[in-house]
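The listed protein sequences derive, respectively, from chains A and B. Residue numbering for the first sequence is 1 to 212, as defined by this note's numbering. Residue numbering for the second sequence is 1001 to 1212, as defined by this note's numbering. Note that beta-carbon positions come from the ideal geometry of N, C-alpha and C, so glycine has one too.
2 protein chains.
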Amino acid sequence: MAGYPPGSGYGYGAPPPAAYPVPPGYRSPFAALVPSAFPPGTDPSLMSCFQMADQDGSGFIDDMELQRALSSYNQTFSLRTVHLLMYLFTNTNTRKIGPKEFTSVFYSLQNWRGIFERYDSDRSGKIDAYELREALLSLGFSVSPIVLELLVSKYDKSSGIYKAVEYDNFIECCLSVKGLTEKFKEKDIAYSGSATFTYEAFMLTVLPFLIA
Amino acid sequence: MAGYPPGSGYGYGAPPPAAYPVPPGYRSPFAALVPSAFPPGTDPSLMSCFQMADQDGSGFIDDMELQRALSSYNQTFSLRTVHLLMYLFTNTNTRKIGPKEFTSVFYSLQNWRGIFERYDSDRSGKIDAYELREALLSLGFSVSPIVLELLVSKYDKSSGIYKAVEYDNFIECCLSVKGLTEKFKEKDIAYSGSATFTYEAFMLTVLPFLIA
């Protein structure tokens, strides 16, 4: 933590509303169980997209359906990334999302795509460590050089000499940093920069981020 | 934690020596940087196995070499599992192991294989939730029903109606539970059943367990 003022380590006070257009209540544990409604003012094309993806008209989209729906937006995502998305936007392991969560996922991905493209200034389809740091900062996450190095070494799947992170791995990186930071904050009630976990809480916090 | 006496949640006082034949000092952060020696009394066939795997005679085995070496023992492991193995047995991300770490890996896997076979009493190649609980207990880890359910849902890669965990996923499950429990214990200095992390420590603890 050398060089990091207490409490500043993960963007306390960073401006989240623009970065996370998240409808109120989306983290309810029942979010994925009760069919939700589209927020007022939702783009009609987004509604059609949801209805196309929801092939059995159940009001829910499962993991395979979400993977197909997202891929049709000129993006490819592993089922692993899709599971992590579903976990973080429903806070459950049910692997089903309704209209409300679909809308959140859609706008978050749109936002992250914009940030990725802004920092991928040479249009290489990759961002390097410095650009990743800037991208995470613009999302409200300030990570130390050591964490940054770990992230880049984790999410660089190329075998090039220069470390760089491609779009789908960038999304997985954002999801992990966002999700872990939120879980940490939930435990850091006093905003002290430290969080205490029982063994049970620690395992239940961390395991969902492992292979999904 | 309901129903779990304080401090008993992860096998405090469980008998580890037989379960983990770990040579002293294997967790040195330099373990993977300085070529190590085989512990006294190492099985000569294990030494030959190491030398066969170490094709360039560097004194180290890298991730691809370890994957090949372990597969020759009638086991298949994903590169992901191999990376997790290397991380946990060297405590570094260098992805190279020497003779000492190779020996630890070999004997741990042999031990885990034995435990898996003991609990896979019908020789189905899979163990169910109850058997997984017993297997983890015999390794010194007592997990709650909720954690157990999460583990089984994570590590069951089959699409069967009955949840069950195959051998390679069992190993990944053991590695994750063992690794996370050890990291937790390192922070739970007072053996209170609770551990406090700074944000930096939390991220550096958890991120290595994510996709490797």
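Within the model, the alpha-carbon separation for ASP1056/B versus ALA69/A is close to 47 Å.
LYS126/A carries a strand assignment under DSSP once its states are collapsed to helix, strand and coil. LYS185/A and ASP1122/B have their C-alpha atoms roughly 45 Å apart. Residues of the stretch 1071-1100 of chain B with a C-beta less than 8 Å from any C-beta of chain A: ARG1080 and ASN1093, listed in chain order. Three or more beta-carbon pairs drawn from the stretch 1078-1090 of chain B and the stretch 1166-1173 of chain B are found closer than 8 Å, and the two stretches are therefore classed as touching. Not a single CB atom of chain B sits nearer than 8 Å to the CB of LEU132/A.
In the DSSP annotation of this structure, the continuous segment of the alpha helix (DSSP H) that includes THR1181/B starts and ends at 1167-1187. Beta-bridge partners assigned by DSSP to ALA195/A: PHE1197/B. For the pair ALA53/A and VAL165/A, the Cα-to-Cα distance works out to about 29 Å. Between PRO1208/B and the set THR1076/B, MET1086/B, ALA1037/B and GLN1067/B, the nearest pair of CA atoms involves MET1086/B.
Pairing LYS163/A with ASP1063/B, the inter-Cα distance amounts to about 19 Å. As the crow flies, the alpha-carbon of GLY140/A is around 29 Å from that of ILE61/A.
Non-local C-beta neighbours of MET1047/B in its own chain, meaning closer than 7 Å and more than five positions away in sequence, comprise PHE1038, ordered along the chain.
Using a CB distance cut-off of 8 Å, LEU136/A does not count as an interface residue toward chain B.
For ASP1063/B, the enclosing alpha helix (DSSP H) stretches over residues 1063-1071.
Under the three-state reduction of DSSP output, LYS100/A falls in the helix class. Assignment of SER45/A by DSSP, reduced to helix, strand and coil, places it in the helix class. Within the same chain, and ignoring the five residues on either side of PHE1077/B in sequence, the residues whose Cβ sits closer than 8 Å to its Cβ are GLN1067, LEU1070, SER1071, LEU1085, ASP1168 and ILE1171.
The alpha carbon of VAL1177/B has as its nearest neighbour, out of ASP120/A, LYS178/A, LEU210/A and LEU148/A, the alpha carbon of LEU210/A. The residues GLU1101, SER1104 and VAL1105, in chain order, have a CB closer than 6 Å to that of PHE1089/B in the same chain once the five nearest residues on each side in sequence are set aside.
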